[in-house]
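Protein chains in written order, with the working numbering: chain A, 1 to 501; chain B, 1 to 340. Take a look at the structure below.
What follows is the structure, given as structure tokens:
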């Protein structure tokens, strides 16, 4: 890591350490960002990324630091307001915008209050907000309430707000977590434009493909220690994943042929007006069927019809060869279907409730004794069994589910459904907000379940995920199944091209 | 494997500390109040005073339990007092049909059945609107409260119905082995309510529905039926309170016990119920009720004005919330200290 002395840095940290209680969150970490560079900060949840960002922006004060330098100026001590005045902005995943205020007010917010309060001049505010959006090359109605915007545009508003403060170093925390592929591409274009303008961007993302696409260099942190700084040229996703987790992650196509397996589920000409049309598919016992396509292609809607949450207008469904007309989710569950929702936070789990209650919620009938009352012993046994079976890392079963990481939460969702002994498991974007190591863990479980004969429908818009974990892939576009692929005869870039073309 | 099976008992012991902790801090408060009042008034720890507390508390207690379950389900039942009144009216009407003070025990039983039925209907109607229309429980139960009050005042012309048979006094004023009958009734119902909420699949559904209705449905629970059922049961509990009220006051009047409505909410929150649903237990709420009763009786004994007691209740609740928020802040401090 020798750097020419003439090179300009937006940020230099040398040997920064920070501990919380007994936990060493950062251990003598070095971190350097060049001016105008797109730099990726990579690491699993809890590795120290957020602590690092918070230390730079003055939210936390480091225990010890050899050097903290912002834009060539040595810093002894900094608070968040000073950091922002110097041109450091952080866009957290939740964006911290004001949903009921207009786009212009959100962009100009720090002009209105906060750093430089003065009387509100609406015309000037709107002009300046408009200028910033022009600089980003996007068109968003300035008077629209933020509430009305899709999440991708809110992201742009948050960037605009940072630029309004003359940010020269922007940290972006998981900016693409809830964006579709095309929205992500547009966001990455904006990031490139900013970089060309001389704004340094530090990009934090779980999606390794886009990390490699956008960043020039990547700094990997693991358990509070610096693993290294690497150029993205010549770096592969697999290698980066290994650096982040410290484990070798298998990422190979593992498709199998199942000529003798019986068909578990079948749809024939299934349609629902405005959502999907003429969908015919079969899933065999032990098969992982990948279903990919852009968001809005009708994938989730199809899953909802399979689960009895909505009714199909036309077509039939067959379960183990018999007619299947689910009247409700409960009916579908009784018939042996299970659905891991794409929205784990709001729909997949009850965030306020405990790990144990979330595990047993779908199998209350199995917990009752002859008296009709829930047996604590049976409940504890069931919870213990599934926690062990899926390797969920927990403190106490009575802890709130929200204390778990995304990956462990998703394992609890799987446990909940596996306890119902399903015959068909529908996984709808199962790795949203789950980090690399935990993803591998989840797909290892999925593989094992398939080996045991469970039929699995894997819905995802992450092409690599579908490629590496499916036996067959269906491509859905505009509500129709347009193509059937064998993962062994197509490559990830080829499939991506067909989907995003 | 072995170590895990061995750790199991320790697991269970620790698990109990959560709710037990809540109970313990409330019990400590209660003990403190009892000590203070025993010193302040020699009459506080006498059988007569304890007995009178035992007669006064059950009515408020029943209504509080009727309030508790809808709050846990993520709602509220503002119609509890008027549901009790209307149910009491059904009982009074039946007894009057069979000769008032001369009515036989059969008439009383029939009247109770009718009262329970009326309470159930009122609750079920609210539950159905909350569950299937999706209207806010505050609005729905407020509308029901106003409807029942209007209906009751129209039927009674604003007056009261009195002159019940003597045996009803046993229910309101009798004692069994020197324990007040209303207290026995309350204890039995509170235990049943606890079992219903904590041990039955239906009770489990109430907690889950209360914390996130949509997610509960995604998990396969029948959240809507759960809501209808819990409001119905709340209505039934109101009806029992209505019957007890008739027995205690020897009369039924629409508006009786109106002041208890907000006190029930107070008792629920004092007992640690989550105002947004999903969490709350019967036991701490009962301790909270006892605390309120001790405060009121104690202040009465030391010669304070009854209205002052109400004011002290309010202050007390604010104090409890301040204490709890201090705890919450410490937790927040601990959590934000970690890099997660």
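Ideal placement from N, C-alpha and C gives every residue a C-beta, glycine not left out. Note that the coordinates shown come from a computational prediction; the quantities given were computed from them, not determined experimentally.
- For the C-beta of residue 192 (chain B), not a single chain A residue is nearer than 7 Å; the gap to the nearest is close to 12 Å.
- Residue 199 (chain B) belongs to the set of residues whose beta carbon lies under 8 Å from a beta carbon in chain A.
- Per DSSP, residue 153 (chain A) is one residue of the alpha helix (DSSP H) stretching across 151-164.
- For secondary structure counted as the alpha helix (DSSP H) over 4 or more consecutive residues, the segment 413-458 of chain A holds these complete runs in sequence order: 436-451.
- In chain order, 219, 220, 221 make up the part of chain B whose C-beta sits under 9 Å from the C-beta of residue 362 (chain A).
- When 8 Å is used as the limit between beta carbons, residue 353 (chain A) is near these residues of chain B: 207, 208, 211, 278, in chain order.
- As DSSP reads the structure, residue 317 (chain A) sits in a beta bridge with A:267.
- When the beta-carbon positions are compared, residue 132 (chain A) and residue 168 (chain A) stay at least 8 Å from each other.
- The DSSP assignment places no complete beta strand (DSSP E) segment of no fewer than 3 residues inside the segment 12-75 of chain B.
- The CB of residue 216 (chain B) comes closer than 8 Å to the CB of 350, 361 in chain A, given here in chain order.
- For residue 195 (chain B), the nearest CB of chain A lies under 8 Å from its own CB, placing it at the interface with that chain.
- If you compare the alpha carbons of B:93, B:128, B:193 with that of residue 111 (chain B), the shortest gap goes to B:93.
- For residue 167 (chain A), the secondary structure class from DSSP, reduced to helix, strand or coil, is coil.
- If you look at residue 106 (chain A), you'll find it in the alpha helix (DSSP H) that goes 103-107.
- Residue 346 (chain A) reaches chain B at 212, 214, 215, counting residues in chain order whose Cβ is nearer than 8 Å.
- In this model, residue 467 (chain A) and residue 280 (chain A) are separated by some 21 Å (Cα to Cα).
- Selection A:389, A:390, A:388, A:357 evaluated against residue 374 (chain A) yields A:357 as nearest (Cα-Cα).
- Counting along the chain, the unbroken beta strand (DSSP E) around residue 278 (chain A) starts and ends at 276-284.
- For residue 117 (chain B), not one C-beta of chain A is nearer than 8 Å to its own C-beta.
- The closest CA to that of residue 430 (chain A), considering only A:421, A:408, A:91, A:422, is found on A:408.
- For the pair residue 214 (chain A) and residue 43 (chain A), the Cα-to-Cα distance works out to about 17 Å.
- With a threshold of 16 other beta carbon atoms within 10 Å, residue 99 (chain B) falls short and is exposed.
- Put simply, the CB of residue 204 (chain B) is near chain A, with a gap under 8 Å to one of its CB atoms.
- At least one CB of chain B lies nearer than 8 Å to the CB of residue 341 (chain A).
- Comparing alpha-carbon positions, the option among B:284, B:77, B:145, B:167 lying closest to residue 102 (chain B) turns out to be B:167.
- Here residue 385 (chain A) carries a helix assignment [DSSP, helix/strand/coil].
- For residue 292 (chain A), there is no enclosing alpha helix (DSSP H); the enclosing beta strand (DSSP E) has its first and last residue at 288-292.
- Distance from the CA atom of residue 97 (chain B) to the CA atom of residue 249 (chain B), rounded to whole angstroms, is 20 Å.
- Per DSSP, reduced to three states, the secondary structure at residue 309 (chain A) is coil, with no helix or strand assignment.
- Here residue 53 (chain A) is actually not in contact with residue 203 (chain A); their C-beta atoms are around 12 Å apart, not less than 8 Å.
- By the neighbour-count definition (other C-beta atoms within 10 Å, threshold 16), residue 475 (chain A) is a buried residue.
- By alpha-carbon distance to residue 242 (chain B), the top candidate from B:52, B:85, B:58 is B:85.
- As the crow flies, the alpha-carbon of residue 461 (chain A) is around 16 Å from that of residue 490 (chain A).
- Exposed is the label assigned to residue 177 (chain B), since fewer than 16 other Cβ atoms lie within 10 Å of its Cβ.
- Residue-level contact check: residue 372 (chain A) touches chain B, since one or more beta carbons of chain B fall below 8 Å from its beta carbon.
- In this structure, residue 445 (chain A) places its C-beta atom within 8 Å of the C-beta atom of residue 390 (chain A).
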